[in-house]
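Protein chains: 2
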Amino acid sequence: MRVTIKDVAQAANVSVSTVSRVLSNKENFFASKTADHVRKVAADLGYQRNAYAADLASHQSDVLAVVISATKSNFADEIIAGIHDVATKNGNSVMILYAGENNPTLQDKAIKTVIERDVMGVLIVALELGDESLSSLKTSGIPHIFLSTAAKENLGPFIASDDHAIGYEATKYLIEHGHHKIGLVGMDEQSFVGTQRMTGYREAMAEYGLAVNEDWLVPGYFTFEDGETAMAHFGKQPEVTAIIANSDLTAIGVIDQARDYGLEVPAQLSVMSIDGTKLTRIFRPTITSVTQDFFQIGRAGCAALLNDDNEPIQSKFLPIKIVERNSTRQL
Amino acid sequence: MRVTIKDVAQAANVSVSTVSRVLSNKENFFASKTADHVRKVAADLGYQRNAYAADLASHQSDVLAVVISATKSNFADEIIAGIHDVATKNGNSVMILYAGENNPTLQDKAIKTVIERDVMGVLIVALELGDESLSSLKTSGIPHIFLSTAAKENLGPFIASDDHAIGYEATKYLIEHGHHKIGLVGMDEQSFVGTQRMTGYREAMAEYGLAVNEDWLVPGYFTFEDGETAMAHFGKQPEVTAIIANSDLTAIGVIDQARDYGLEVPAQLSVMSIDGTKLTRIFRPTITSVTQDFFQIGRAGCAALLNDDNEPIQSKFLPIKIVERNSTRQL
DNA sequence: AACAATAACACAAACGTTTGCGTATACTTG
DNA sequence: CAAGTATACGCAAACGTTTGTGTTATTGTT
Numbered sequence: 001m002r003v004t005i006k007d008v009a010q011a012a013n014v015s016v017s018t019v020s021r022v023l024s025n026k027e028n029f030f031a032s033k034t035a036d037h038v039r040k041v042a043a044d045l046g047y048q049r050n051a052y053a054a055d056l057a058s059h060q061s062d063v064l065a066v067v068i069s070a071t072k073s074n075f076a077d078e079i080i081a082g083i084h085d086v087a088t089k090n091g092n093s094v095m096i097l098y099a100g101e102n103n104p105t106l107q108d109k110a111i112k113t114v115i116e117r118d119v120m121g122v123l124i125v126a127l128e129l130g131d132e133s134l135s136s137l138k139t140s141g142i143p144h145i146f147l148s149t150a151a152k153e154n155l156g157p158f159i160a161s162d163d164h165a166i167g168y169e170a171t172k173y174l175i176e177h178g179h180h181k182i183g184l185v186g187m188d189e190q191s192f193v194g195t196q197r198m199t200g201y202r203e204a205m206a207e208y209g210l211a212v213n214e215d216w217l218v219p220g221y222f223t224f225e226d227g228e229t230a231m232a233h234f235g236k237q238p239e240v241t242a243i244i245a246n247s248d249l250t251a252i253g254v255i256d257q258a259r260d261y262g263l264e265v266p267a268q269l270s271v272m273s274i275d276g277t278k279l280t281r282i283f284r285p286t287i288t289s290v291t292q293d294f295f296q297i298g299r300a301g302c303a304a305l306l307n308d309d310n311e312p313i314q315s316k317f318l319p320i321k322i323v324e325r326n327s328t329r330q331l
Numbered sequence: 001m002r003v004t005i006k007d008v009a010q011a012a013n014v015s016v017s018t019v020s021r022v023l024s025n026k027e028n029f030f031a032s033k034t035a036d037h038v039r040k041v042a043a044d045l046g047y048q049r050n051a052y053a054a055d056l057a058s059h060q061s062d063v064l065a066v067v068i069s070a071t072k073s074n075f076a077d078e079i080i081a082g083i084h085d086v087a088t089k090n091g092n093s094v095m096i097l098y099a100g101e102n103n104p105t106l107q108d109k110a111i112k113t114v115i116e117r118d119v120m121g122v123l124i125v126a127l128e129l130g131d132e133s134l135s136s137l138k139t140s141g142i143p144h145i146f147l148s149t150a151a152k153e154n155l156g157p158f159i160a161s162d163d164h165a166i167g168y169e170a171t172k173y174l175i176e177h178g179h180h181k182i183g184l185v186g187m188d189e190q191s192f193v194g195t196q197r198m199t200g201y202r203e204a205m206a207e208y209g210l211a212v213n214e215d216w217l218v219p220g221y222f223t224f225e226d227g228e229t230a231m232a233h234f235g236k237q238p239e240v241t242a243i244i245a246n247s248d249l250t251a252i253g254v255i256d257q258a259r260d261y262g263l264e265v266p267a268q269l270s271v272m273s274i275d276g277t278k279l280t281r282i283f284r285p286t287i288t289s290v291t292q293d294f295f296q297i298g299r300a301g302c303a304a305l306l307n308d309d310n311e312p313i314q315s316k317f318l319p320i321k322i323v324e325r326n327s328t329r330q331l
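Protein sequence lines correspond, in order, to chains E and Y.
Going by the UniProt record's numbering, the letters in the first sequence line up with residues 1 to 331, in that order.
Going by the UniProt record's numbering, the letters in the second sequence line up with residues 1 to 331, in that order.
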């Protein structure tokens, strides 16, 4: 039997309500002398609060849920770190739930869990939620926000980078460095992220009056292997002089495969990645990237959720920047 | 107002107990006809169970907690995937809590959370728990297990790789490939993992009658930067012909720095890593490693916790293997 | 036909908190 | 000094479930 508030009350010769108020620091409800006494007794008895009971009685939980894809990408850590950074300062607990990879069953289960636990908010990270899951989440009324993810307007509030801008800026950078034939690797045509980036790419090309060969667009996801196979598609004598990869891992796949073909990066082929995680700095050559600030995305998302003025949460884009490293060169 | 079991009972014209039993599938307590009816009404009303109330009343939760360091290492993902694999099949929820990096405050908070929530078990991943946290966990009586972590005997049950064997096997491999002067990089002398690996290293060296120069042992942790600075310590003309790094990232740090010194790996220096995560396959040269099966560690740990024959949990080592890649050569 | 046994359900207590309200006591104020 | 007002605390209901123990019908047995 665990020691409860009741035991503490009895031992301290006060009522349970007093113990409750002391232990949860409801100011102006007790004399500091009583408080000290109660706290001491509680400590002596080894009292541990039962969070379930508390949440049940108070109708509010202090836990934030992060629903995340069992992502092959590697920026989730940074987002989570950002979330923890502000959650911790605010005294909230964070629970993380994996929702698999395009796995509606697991998604439903994760969403069901957050609803059953009536968490105070949920952050959906790098995940396009299925319609089913999304609508249960919406009807539950639990505040939620999408982080770094497909942000079709009707989805709900999001904090992310502007994927259109990402595609546009990357392309523009390469064009301005003399590249006219630019490959785009790993974009998922089914996803919002992918199509946005592709549109940005096309816009930049058009703006500079450059034709796009559809053969330069090799779809895929965010994996290393997608980079490898895409480069295999381009072959040993690629028509393109530069490639934009959908993630750091994908870029590495491209570079590895290029190397296997005897192609020097960046001497014979420039490769640029999207994300700019630590991988771009430890890999050789270091990889020029469109860098997103994932830590800030996490921070901003958490802050938005915690911000309790009851205005609806504002969606926003966080700035991206291009970081020049050694995988690209001026033509 | 959320719809409760009471509302369902009223709408279905049965008692709350019946609804409860139907919805939680307590066999032999109701007619299947009633059950169908109740389930339909519940669905129509959009009933969502309140997990807090249920856990409170039944004194048992179905959530498994994973306490993890905000790890700079990168194998945690695989362990978590393994945990999820068996937890999901078993119908358990998993919540992940970050406990920072050697941060007693965060550790305490994480442990406090799992105790307050009275989870059914906790998996401590790659984390040496402070005495304070450990003893609260122990007195709480919550089943727990350490995964891939410092496993001093008195800590409690663990599932991990045998760090002594890791140090020993890595060293032996290099010796048998003709290396006599072998560096050991990134071992933390304060940690059990580090000292075990060092002991294994020394034993292998002694076994082959090789002297150890203390200068070859460069302490550190598991980071990329530790690899870089260690290699800087060895300098442009290292005395050692091979280096064992404490993690894949550390190995990459070593190789990058070596390359900056104009040293070819493996032509002029062999580098071997411990862990064998995906990094060793995407980096060039691919990295020979002592490979741990983190996914299985996760699976085994979770299974051990869930296994409810009430014998105490058995500690065990999972096998390691050496995977030869391109960062080492025969001398 | 009488009775026991079982199936199907309802009642109500319990889980450990929080919190609105009530009530003494002590302290102001005119 | 009476009346009003804080202050400090206790009482008890409520939160939404689970579950042990009744309480009826229904079925089976002799």
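All residues carry an ideal CB built from backbone N, CA and C; glycine is no exception.
Everything numeric in this text was worked out from a predicted model, so none of it was measured.
In this structure, Y:N50 is the residue among Y:N50, Y:Q10, Y:N13 and Y:Y98 with its C-alpha nearest to the C-alpha of Y:S24. Taking Y:S93 as reference, the option from E:D44, E:A53 and E:V67 with the minimal CA-CA separation is E:V67. Within chain E, L56, E116 and D118 have C-beta atoms less than 8 Å from the C-beta of Y:N50, given in sequence order. Counted as a single uninterrupted DSSP element, the stretch harbouring Y:S69 is not any alpha helix (DSSP H), since DSSP gives it neither H nor E. Exclusion of the five residues before and after Y:N102 leaves no residue of its chain whose Cβ lies closer than 7 Å to its Cβ.
A Cβ of chain Y is located within less than 8 Å of the beta carbon of E:F283. Under the 8 Å criterion on CB atoms, Y:T113 is classed as interfacial with respect to chain E. Each residue's CA atom was taken as its position, placing E:L45 and Y:S140 some 13 Å apart. Taking the Cβ atoms as the reference, Y:V218 lies roughly 5 Å from Y:H233, within the contact range of under 8 Å. With contacts defined as CB atoms closer than 8 Å, Y:T286 and Y:R325 qualify as a contacting pair.
For Y:V212, the secondary structure class from DSSP, reduced to helix, strand or coil, is coil.
In the DSSP annotation of this structure, the continuous segment of the alpha helix (DSSP H) that includes E:T199 starts and ends at F192 to E207.
Non-local beta-carbon contacts of E:V86 in its own chain, meaning distances under 6 Å to residues more than five positions away in sequence, involve R299, C302 and A303 in chain order.
Residue pairing for E:L147: DSSP places it in a beta bridge opposite E:V125 and E:I159. Taken in chain order, the unbroken stretches of alpha helix (DSSP H) that lie wholly in the stretch 25-106 of chain E and span 4 residues or more are 32-45, 51-58 and 76-89.
Here the stretch 187-201 of chain E lies against the stretch 233-249 of chain E, with 3 or more beta-carbon pairs under 8 Å apart.
The beta carbon of Y:D256 falls within 8 Å of a beta carbon belonging to chain E, placing the residue at that interface. Per DSSP, the beta-bridge partners of Y:K316 are Y:I159. In the DSSP assignment, E:D275 falls outside any alpha helix (DSSP H) and within the unbroken beta strand (DSSP E) covering S270 to D275.
Interface with chain Y (8 Å Cβ-Cβ cutoff): E:G200 is excluded. Looking at the backbone, the Cα of E:A54 and that of Y:N154 are separated by about 34 Å. Residue range A242 to A245 is occupied by the beta strand (DSSP E) that includes E:A245, with no alpha helix (DSSP H) assigned at that position. In the structure shown, Y:T223 adopts coil according to DSSP, grouped into three states. Along the stretch 216-233 of chain Y, the positions whose C-beta sits under 7 Å from a C-beta of chain E are F224, read in chain order. Between the stretch 200-209 of chain E and the stretch 171-180 of chain E, the count of C-beta pairs closer than 8 Å reaches three or more; the two stretches touch. Residue pairing by DSSP places E:Q330 opposite no residue, since no beta bridge is assigned to it.
Just so you know, the alpha carbons of Y:S161 and Y:R39 end up roughly 48 Å apart. Considering only E:P319, E:A126, E:E311 and E:S289, the residue with the shortest C-alpha distance to E:F75 is E:A126. With fewer than 16 other Cβ atoms from the protein chains shown falling within 10 Å of its own Cβ, E:T105 counts as exposed. Taking 8 Å as the threshold, the shortest C-beta distance from Y:Y98 to chain E falls below it. Less than 8 Å divides the Cβ of E:E132 from the Cβ of E:D108. If you look at E:T288, you'll find it isn't in any alpha helix (DSSP H); it sits in the beta strand (DSSP E) that goes T288 to Q292. Its Cα nearest to that of E:H164, the residue E:R202 stands out among E:R202, E:P157, E:L137 and E:G183. For Y:L137, there is no enclosing beta strand (DSSP E); the residue is found in the alpha helix (DSSP H) stretching over D131 to S140.
CA-CA distance, Y:D118 to Y:K112, rounds to 10 Å. The Cβ atoms of Y:F222 and Y:A81 do not sit closer than 8 Å to each other.
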